[in-house]
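Visitor: Dumping the structure here so I can ask a few things about it.
Below is the structure:
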């Protein structure tokens, strides 16, 4: 199995539907995400990365990030996420234990990593924009893996502030996709979702739904633009925490018809 198999089918069946939307980049279709993901796979091959290798990925939540993640997962490459605001000592410990074969990130992410000794020792540093030079060389594909094969490893401070690590297998990711499409649990939505949490946008790609990703700034000007985009996309649900929900209610702007808050 491979958790990206579902995305692959949506790339074909929902080619022109919005997949990832941001205020900065506009909307990228499922077909475009498939093309970018294929570019990420060609980049991985050129860098000698293979199934079972672990790669640290850090970049703003935009189409390039999601395409990189999907492309790597499709090839069986394990994607490592580390919250950049964790204490440097904790990040050092994680990188020394996991030993990623490569680091893929934005220019800002590379500046962040340059101050961390364990990150500087990662053999390959790759700017995430490099995948654009590899698009068009092959099609997005996915290899068959054991269901228990790790897909992502995430280290974060969580809600308590104490560092924790979570390993999600390909079967776990597929189970989450099943849960998100269960009408008895979350309702049935075809329209895009509004996502405060970047990981929710990744999960929605596996369900065939697009996402409008909420930026870090919640200024009145940004919220107005976000509301206009949400109305144009007819966003049907919002995955949020209490902080953004309070801003949303105070702004009295249209965002979504259904609200899913993970902490309420």
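In the working numbering, the protein residues as written are 36 to 299. Yeah, the Cβ is synthetic: ideal placement off N, Cα and C, and Gly gets one too.
#1: Would residue 212 be called buried (16 or more neighbouring beta carbons within 10 Å of its own) or exposed?
#2: Using three-state DSSP, classify residue 139 as helix, strand or coil.
#3: CB-CB under 6 angstroms to residue 203, same chain, minus the five flanking residues each way: which ones, in chain order?
#4: Measuring CA to CA, which of 86, 84, 85, 103 is closest to residue 93?
#5: To the nearest angstrom, how far is it from the Cα of residue 168 to the Cα of residue 74?
#6: Can you name, in chain order, every residue of its own chain whose Cβ lies under 6 angstroms from the Cβ of residue 189, other than the five neighbours on each side?
#7: Skipping 5 residues on each side, what residues in its chain have a beta carbon closer than 7 angstroms to that of residue 43?
#8: Give me the Cα-Cα distance between residue 159 and residue 232, rounded to the nearest whole angstrom.
#9: For residue 162 and residue 280, what's the separation of their Cα atoms in angstroms?
#10: Specify whether the region 120-139 and the region 258-272 touch according to this definition: at least 3 beta carbon pairs, one from each stretch, less than 8 angstroms apart.
Guide: Reading off the structure:
#1: In the chain shown, the residue the question calls residue 212 occupies position 177. Classified as buried, residue 212 has 16 or more neighbouring CB atoms from the shown chains inside 10 Å of its CB.
#2: By one-based count along the chain shown, residue 139 stands at place 104. Looking at residue 139 - three-state DSSP - the assignment turns out to be strand.
#3: Translated into positions along the chain shown, residue 203 becomes position 168. Excluding residues within five positions, the ones whose Cβ falls inside 6 angstroms are 186, 187.
#4: Taking the chain shown and counting its residues from 1, the one referred to as residue 93 is at position 58. If we check each option's Cα against that of residue 93, 103 comes out closest.
#5: What you label residue 168 is simply residue 133 of the chain shown in a count that begins at 1. What you label residue 74 is simply residue 39 of the chain shown in a count that begins at 1. For residue 168 and residue 74, the distance between alpha carbons rounds to 7 angstroms.
#6: For this step, residue 189 is matched to residue 154 along the chain shown. Same-chain partners within the cutoff: 116, 201.
#7: For the purposes of this step, residue 43 is taken as the residue at position 8 of the chain shown. So the qualifying residues of the chain are 175, 177.
#8: Numbered from its first residue, the chain shown carries residue 159 at position 124. Numbered from its first residue, the chain shown carries residue 232 at position 197. Within the model, the alpha-carbon separation for residue 159 versus residue 232 is close to 28 angstroms.
#9: Here residue 162 refers to the residue found at position 127 of the chain shown. Here residue 280 refers to the residue found at position 245 of the chain shown. Taking the straight line from one Cα to the other gives about 34 angstroms.
#10: Not touching, per the Cβ criterion.
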